[in-house]
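Trainee: The numbers in the sequence shown follow my numbering, run straight up by one, and end at 116.
Structure below; questions to follow.
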Amino acid sequence: VTANIAEGFGRHYHTENLQYCRQSRGSLSECLDHLNAALDEELITSEDYQKHRAQIEESWRLLNGYIAYLKRCADSGVPRKE
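Here is the structure:
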């Protein structure tokens with residue numbers, strides 16, 4: 035997740051950054067799937083599951099906000115500041 039965000043940030047255009055952030059969002063979905071599997075296989079407790087799920091949901095919220103910001107910048111033609 036974080037590697038995709040970092041790679042997108044290293045791109046020079048908002049649209050490229052958006053692409054990597056969307057991949058990060060997909061990776062968060064993969065993390066949730068792994069978390070669900072860990073709970074199903076009783077590798078983690080319900081308490082741990084809830085804690086980590088809340089972290090994933092907060093990450094989704096923050097990432098969606100960043101994606102919305104990048105989309106507004108890309109749509110308005112605002113150049114990326116280094």
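Just so it is clear, CB atoms sit at the ideal spot from N, CA and C, and this is done for glycine as well.
Around the Cβ of L77, are there at least 16 other Cβ atoms within 10 angstroms (buried) or fewer (exposed)?
Mentor: As a first step, residue 77 must be located in the sequence shown, where it is residue number 43. Result: exposed.
Trainee: Between which two residues does the alpha helix (DSSP H) harbouring R95 extend?
Mentor: One-based indexing of the sequence shown puts residue 95 at position 61. S80 to S110 is the extent of the alpha helix (DSSP H) around R95.
Trainee: If I'm right that R45 touches L66 with Cβ under 8 Å, what's the distance once you round it to whole angstroms?
Mentor: Here residue 45 refers to the residue found at position 11 when the sequence shown is read from its first residue. Here residue 66 refers to the residue found at position 32 when the sequence shown is read from its first residue. That belief does not hold up - the Cβ atoms of R45 and L66 are roughly 26 Å apart, past 8 Å.
Trainee: Buried or exposed: H48, going by 16 or more other Cβ atoms within 10 Å of its Cβ?
Mentor: Here residue 48 is taken as the residue at index 14 of the sequence shown, counted from 1. So H48 ends up on the buried side.
Trainee: Within this structure, are the beta carbons of C55 and L96 separated by less than 8 Å?
Mentor: Position 21 of the sequence shown holds residue 55. Position 62 of the sequence shown holds residue 96. Not closer than 8 Å, so no.
Trainee: So, using beta-carbon positions, are W94 and L73 closer together than 8 Å?
Mentor: One-based indexing of the sequence shown puts residue 94 at position 60. One-based indexing of the sequence shown puts residue 73 at position 39. No; because the gap between Cβ atoms is not below 8 Å, this pair is not in contact.
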